[in-house]
Amino acid sequence: MITINEHYLKLQASYLFSDIAKKVNAYQEAHPEQEIIRLGIGDVTHGLPPACVEAFHKAVDEMGIDASFRGYGPEQGYAFLREAIAENDFQARGADISADEIFVSDGAKCDTSNIQELFAREIQVAIPDPVYPVYLDTNVMAGRTGTFADGRYQGLIYLDATRENNFVPDLPTEKVDLIYLCFPNNPTGSTITREGLKRWVDYARENQALILFDAAYEAFIRDESLPKSIYEIEGAREVAIEFRSLSKNAGFTGTRCAYTVVPKECRAFDSNGNAHMIHPLWNRRHCTKFNGVSYPVQRAAEAVYSAAGKAQITELVSAYMENADIIRESMIELGYDCVGGDNAPYIWIDAKGGSWDFFDMLLNKTGVVCTPGAGFGRCGEGYIRLSAFNSRENVEKAMQRIKEALV
Ligand SMILES: *Cc1c(COP(=O)(O)O)cnc(C)c1O
Numbered sequence: 001m002i003t004i005n006e007h008y009l010k011l012q013a014s015y016l017f018s019d020i021a022k023k024v025n026a027y028q029e030a031h032p033e034q035e036i037i038r039l040g041i042g043d044v045t046h047g048l049p050p051a052c053v054e055a056f057h058k059a060v061d062e063m064g065i066d067a068s069f070r071g072y073g074p075e076q077g078y079a080f081l082r083e084a085i086a087e088n089d090f091q092a093r094g095a096d097i098s099a100d101e102i103f104v105s106d107g108a109k110c111d112t113s114n115i116q117e118l119f120a121r122e123i124q125v126a127i128p129d130p131v132y133p134v135y136l137d138t139n140v141m142a143g144r145t146g147t148f149a150d151g152r153y154q155g156l157i158y159l160d161a162t163r164e165n166n167f168v169p170d171l172p173t174e175k176v177d178l179i180y181l182c183f184p185n186n187p188t189g190s191t192i193t194r195e196g197l198k199r200w201v202d203y204a205r206e207n208q209a210l211i212l213f214d215a216a217y218e219a220f221i222r223d224e225s226l227p228k229s230i231y232e233i234e235g236a237r238e239v240a241i242e243f244r245s246l247s248k249n250a251g252f253t254g255t256r257c258a259y260t261v262v263p264k265e266c267r268a269f270d271s272n273g274n275a276h277m278i279h280p281l282w283n284r285r286h287c288t289k290f291n292g293v294s295y296p297v298q299r300a301a302e303a304v305y306s307a308a309g310k311a312q313i314t315e316l317v318s319a320y321m322e323n324a325d326i327i328r329e330s331m332i333e334l335g336y337d338c339v340g341g342d343n344a345p346y347i348w349i350d351a352k353g354g355s356w357d358f359f360d361m362l363l364n365k366t367g368v369v370c371t372p373g374a375g376f377g378r379c380g381e382g383y384i385r386l387s388a389f390n391s392r393e394n395v396e397k398a399m400q401r402i403k404e405a406l407v
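Residue numbering for the sequence shown is 1 to 407, as defined by UniProt numbering.
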């Protein structure tokens, strides 16, 4: 008899985006003349930087000629890209990371999902609330949780991000083994200071724990005092794995390229308490289960680090961040408490009531779509997320409508 992995049956169906779509469709049918503006999306809207497109085209042409054709490449990524990443994203900021510690992949979603299979089922996992749901669901699938009750899976430690801690979770009071952190944060847009991050690194060192640091939004950091990488913090090389993506900074959501950093000293322990390096384990997993990102995509990614690419990405990120400024300032002017939007493309807004009530009110009064915070976890109830991923025109139009409707 073929039996299933019953842990899958514990998964809560995520109705968030389908419920949003249903409500938006119903509203559109009732108001066919109203143009809907979507400020709920977690996807970029502008085209790829021209430097990337040019490199992409050139690499596709190379693939059509025997002399320059490339078949299977190195599973970890081509040296040209790994070296560009190590130099530009780490060494240039004083973080000691070398090219052979970079594993190129087709997405930070896959990497943050897959990494947990290196660790024992019995470990104690700590996950923020509200959260990017991938960290949660992949641990449920792996059998690290009990059933779902009162909005939470049993067996996990939830790290509450609330107004009281300025949406940066406090250290756990109990001992945990695996810690997920994401800064700048999706969905709250909150950031962590060097001192704050140092406390987590110190906790991990003292407790033989490991931090999984999702830095998918580092490009949106404007405050120079904030860390972009966890490896800017002393002692992090032994206790942290970092995830990066070209999705949000360079618009690769549909093109697919990301990478994971596993420093050579980064360790985990066997049941006898002996340390093992994670680098060879992740290398083994990557080589066994993955055959590399396509050559043209890696060339397009390399162009992100060219002089032209860097200038174009700065412009792209600035355009989104100016949208974020407009959204945040408008909401503050209307008397709403907000975080995020200063070093992140998301603005997390206190809805002064239920998340879904605010969603319905906003849609019905203005035709603007937001994301109800309750969809990201129990601590998200009472908040909504607005996204800066849109055209300037749409953002200005949306904020104008909101100002007229909510004063
Ligand atoms: C968008 C996003 C990513 C990037 O995912 P990709 O698979 O690289 O597109 C990773 N983490 C978070 C929190 C995100 O919001």
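The beta carbon of each residue, even a glycine, is placed where N, CA and C say it ideally should be.
Which one or two residues does DSSP pair with residue i in a beta bridge?
{"i": "T173", "result": "Answer is none; T173 lacks a bridge partner."}
{"i": "L178", "result": "V125 and L210"}
{"i": "D160", "result": "D129"}
{"i": "S245", "result": "A258"}
{"i": "I37", "result": "V368"}
{"i": "L386", "result": "I347"}
{"i": "Y90", "result": "As written in the sequence, residue 90 is Phe, which differs from the Tyr given in the question. In DSSP, F90 forms no bridge with anything."}
So does residue i have its beta carbon nearer than 8 Å to some heavy atom of ligand 3?
{"i": "D137", "result": "Among the ligands in the structure shown, ligand 3 does not appear; only ligand 1 can be found there."}
Can you give me the C-alpha to C-alpha distance between residue i and residue j, rounded to a whole angstrom?
{"i": "A405", "j": "F358", "result": "13 Å"}
{"i": "K23", "j": "L156", "result": "32 Å"}
{"i": "residue 442", "j": "R93", "result": "As shown, the chain starts at 1 and ends at 407. That puts residue 442 outside it, with no answer to give."}
{"i": "H276", "j": "R82", "result": "24 Å"}
{"i": "M399", "j": "F56", "result": "37 Å"}
{"i": "M321", "j": "W356", "result": "26 Å"}
{"i": "P49", "j": "G309", "result": "7 Å"}
{"i": "V368", "j": "L39", "result": "7 Å"}
{"i": "G273", "j": "N283", "result": "22 Å"}
{"i": "F389", "j": "N323", "result": "8 Å"}
{"i": "D177", "j": "D111", "result": "19 Å"}
{"i": "E315", "j": "E242", "result": "25 Å"}
{"i": "V261", "j": "A108", "result": "11 Å"}
{"i": "T366", "j": "I402", "result": "6 Å"}
{"i": "D43", "j": "Q116", "result": "25 Å"}
{"i": "E6", "j": "R121", "result": "15 Å"}
{"i": "I230", "j": "L197", "result": "7 Å"}
{"i": "A300", "j": "G189", "result": "28 Å"}
{"i": "Q34", "j": "Y27", "result": "9 Å"}
{"i": "L11", "j": "R378", "result": "16 Å"}
{"i": "V104", "j": "Y78", "result": "8 Å"}
{"i": "C287", "j": "Q76", "result": "7 Å"}
{"i": "G143", "j": "Q91", "result": "38 Å"}
{"i": "H46", "j": "S391", "result": "8 Å"}
{"i": "T3", "j": "F290", "result": "26 Å"}
{"i": "E232", "j": "R199", "result": "13 Å"}
What would DSSP say about residue i, mapped onto helix, strand or coil?
{"i": "A240", "result": "strand"}
{"i": "F17", "result": "helix"}
{"i": "Q105", "result": "It is Ser, not Gln, that sits at residue 105 in the sequence shown. Reduced to three states, the DSSP call for S105 is strand."}
{"i": "Y153", "result": "strand"}
{"i": "F148", "result": "strand"}
{"i": "E6", "result": "helix"}
{"i": "N166", "result": "coil"}
{"i": "K397", "result": "helix"}
{"i": "F69", "result": "coil"}
{"i": "V407", "result": "coil"}
{"i": "G42", "result": "coil"}
{"i": "residue 412", "result": "Outside the modelled stretch of the chain, which goes from 1 to 407, sits residue 412, for which no answer is possible."}
{"i": "R222", "result": "coil"}
{"i": "Y203", "result": "helix"}
{"i": "S113", "result": "helix"}
{"i": "H57", "result": "helix"}
{"i": "F252", "result": "coil"}
{"i": "P74", "result": "coil"}
{"i": "N185", "result": "coil"}
{"i": "K228", "result": "coil"}
{"i": "L136", "result": "helix"}
{"i": "A216", "result": "coil"}
{"i": "F80", "result": "helix"}
Checklist entry - Does the stretch 384-399 touch the stretch 349-361, meaning 3 or more C-beta pairs lie closer than 8 Å? => result yes
Next on the checklist: Would the stretch 177-192 count as touching the stretch 218-228 if we require 3 or more Cβ pairs under 8 Å?
Outcome noted: yes
Checklist entry - So does the stretch 237-251 actually touch the stretch 208-219, counting three or more Cβ pairs closer than 8 Å? => result yes
Checklist entry - Which runs of the beta strand (DSSP E) spanning at least 3 residues fall entirely within the stretch 293-381, listed in chain order? => result 338-340 and 346-350
Checklist entry - At a cut of 8 Å, does the stretch 52-65 reach the stretch 291-298 through at least three beta carbon pairs? => result yes
Item to check | At least 3 beta-carbon pairs within less than 8 Å: the stretch 123-139 vs the stretch 166-178 | outcome: yes
Item to check | Segment contact flag, the stretch 144-154 with the stretch 98-115, C-beta cutoff 8 Å, min 3 pairs | outcome: no
Next on the checklist: At 3 residues or longer, what runs of the beta strand (DSSP E) sit wholly inside the stretch 263-297?
Outcome noted: 267-269 and 275-277
Checklist entry - Is the number of C-beta pairs between the stretch 159-166 and the stretch 202-214 that are closer than 8 Å three or more? => result no
Next on the checklist: Three Cβ pairs or more, each shorter than 8 Å: is that satisfied between the stretch 324-340 and the stretch 17-32?
Outcome noted: no
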